[in-house]
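*Asks:* In numbering that gives the first Met the number 0, the protein residues as written are 0 to 288.
Below is a structure I'd like to ask you about.
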Amino acid sequence: MRRRLIVAGLFTATVALACGEPSQQRTQPAATPPTNAPADVSHGEAPIGSAAEPAPIDAAAPPRATGHLHRLRIAIKHAKITIADGVTYDAWTFDGRVPGPVLRVTEGDTVDFTLVNQAPMPHSLDFHAAEIAPSRAYVNLMPHDSMSYRFVARVPGAFMYHCGTAPVALHIANGMYGAIIVDPRQGRTSAKEFVFVQSEFYTKTLPDSTRTIDWEKLLGLAPDYVVFNGREAEYAHHPINVRVGERLRLYVVNAGPNRFSAFHVVGAIFDRAYLDGSLAHPLEGVQTV
0 MRRRLIVAGL FTATVALACG EPSQQRTQPA ATPPTNAPAD VSHGEAPIGS AAEPAPIDAA
60 APPRATGHLH RLRIAIKHAK ITIADGVTYD AWTFDGRVPG PVLRVTEGDT VDFTLVNQAP
120 MPHSLDFHAA EIAPSRAYVN LMPHDSMSYR FVARVPGAFM YHCGTAPVAL HIANGMYGAI
180 IVDPRQGRTS AKEFVFVQSE FYTKTLPDST RTIDWEKLLG LAPDYVVFNG REAEYAHHPI
240 NVRVGERLRL YVVNAGPNRF SAFHVVGAIF DRAYLDGSLA HPLEGVQTV
């Protein structure tokens, strides 16, 4: 089980979707405008917009980091979050949100990291972007305690971070995961960038109607919800608008803990796809990653 979960958790992909470079502007075929809004007709998802819906989750990537020393701090908190319309979940979180904040540094930068445990039980944080002794940095942090360590982000890519406290699957399934982007030192072509973190929720209902983790469903690989950025059907309800011909770069991280999601944009083909965000050996003309 542990190995299987690690393999799923390590499967991350960065997708570069370049639509209409100036030197190779694509001709858009003529089309009759649809009667309904896109999310009403695309693969049967939920209709757009509702006064009762929570605020949309912004998928925009943070800007590229400046400077070469980054002092980052994350607080571990147990908090109630919304994972679907009318569904509240008792989550374990980084900084009170699921997924945790998107972190961004540049290849060769130094990260001075502090972790604070404001939760009533032990937790930890494992950076897949770091090369560091886990026996020193990824140890359990007791309630009301804190710890700091430093690492150099040597390898560019899109990486997962997560709680490494046993059982790891339980902590990830309860919301303790996030993404860290390490940009290549030489930079990338300018693009509009978005981050999508996939995960699952395995739930049972408490007397007050709040959901909590269902251990048997987790062990049985039977999620109730498979989500991007922590909420079911988020971008069916709140589509992301981009301009025709605009260059896009999508960072897609599969957090699991049990499954990974194939990623496809309906009506589009990715110009290039980079496994783990590595610049080496990109795939070209990819329908699904």
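Beta carbons are placed, not taken as given, at the ideal position from N, Cα and C, and that holds for glycine.
Please read these numbers as outputs of a predicted model, since none were measured by experiment.
Are there 16 or more other CB atoms within 10 angstroms of the CB of residue 272, so buried, or fewer, so exposed?
*Replies:* Burial call: buried.
*Asks:* List the endpoints of the continuous alpha helix (DSSP H) containing residue 239.
*Replies:* Where residue 239 is concerned, there is no enclosing alpha helix (DSSP H), given that its DSSP letter is neither H nor E.
*Asks:* Is it true that the CB of residue 116 sits closer than 8 Å to the CB of residue 144?
*Replies:* Their beta carbons are under 8 Å apart, which means residue 144 touches residue 116 by this criterion.
*Asks:* Under a Cβ-count criterion, where at least 16 other Cβ atoms within 10 Å of its own Cβ denotes burial, should residue 204 be classed as buried or exposed?
*Replies:* Label assigned to residue 204: exposed.
*Asks:* I need the straight-line Cα distance from residue 282 to residue 197, nearest angstrom please.
*Replies:* Rounded to the nearest angstrom, the two C-alpha atoms are 21 Å apart.
*Asks:* With three or more C-beta pairs closer than 8 Å as the rule, is the segment 131-151 touching the segment 204-216?
*Replies:* No, the segment 204-216 is not in contact with the segment 131-151.
*Asks:* The beta strand (DSSP E) that contains residue 145, what's its start and end?
*Replies:* Note, residue 145: beta strand (DSSP E), 145-151.
*Asks:* What's the gap between the Cα of residue 118 and the Cα of residue 90?
*Replies:* If you take the alpha carbons of residue 118 and residue 90, they lie about 11 Å apart.
*Asks:* Per DSSP, what are the beta-bridge partners of residue 220 in this structure?
*Replies:* The partner list for residue 220 (beta bridge, DSSP) is empty, contrary to what the question assumes.
*Asks:* According to the Cβ coordinates, are residue 226 and residue 60 closer than 8 Å?
*Replies:* For residue 226 and residue 60, no; Cβs fall outside 8 Å.
*Asks:* With burial defined as no fewer than 16 other Cβ atoms inside 10 Å of the residue's Cβ, what is the status of residue 245: buried or exposed?
*Replies:* Under this definition residue 245 is an exposed residue.
*Asks:* At which residue ranges does the segment 107-138 contain complete beta strand (DSSP E) runs of 3 or more residues, listed in the order of the chain?
*Replies:* Segments of the beta strand (DSSP E) lying fully in the segment 107-138: 109-116.
*Asks:* Using only CA atoms, which one of 221, 209, 200 lies nearest to residue 228?
*Replies:* If we check each option's Cα against that of residue 228, 200 comes out closest.
*Asks:* Check whether the segment 92-107 and the segment 57-73 are in contact - that is, three or more C-beta pairs closer than 8 Å.
*Replies:* Touching, per the Cβ criterion.
*Asks:* Just to confirm the assignment, what range does the beta strand (DSSP E) spanning residue 265 have?
*Replies:* Run containing residue 265: none; DSSP gives neither H nor E here.
*Asks:* Do residue 202 and residue 223 have their C-beta atoms closer together than 8 Å?
*Replies:* Yes. Within cutoff.
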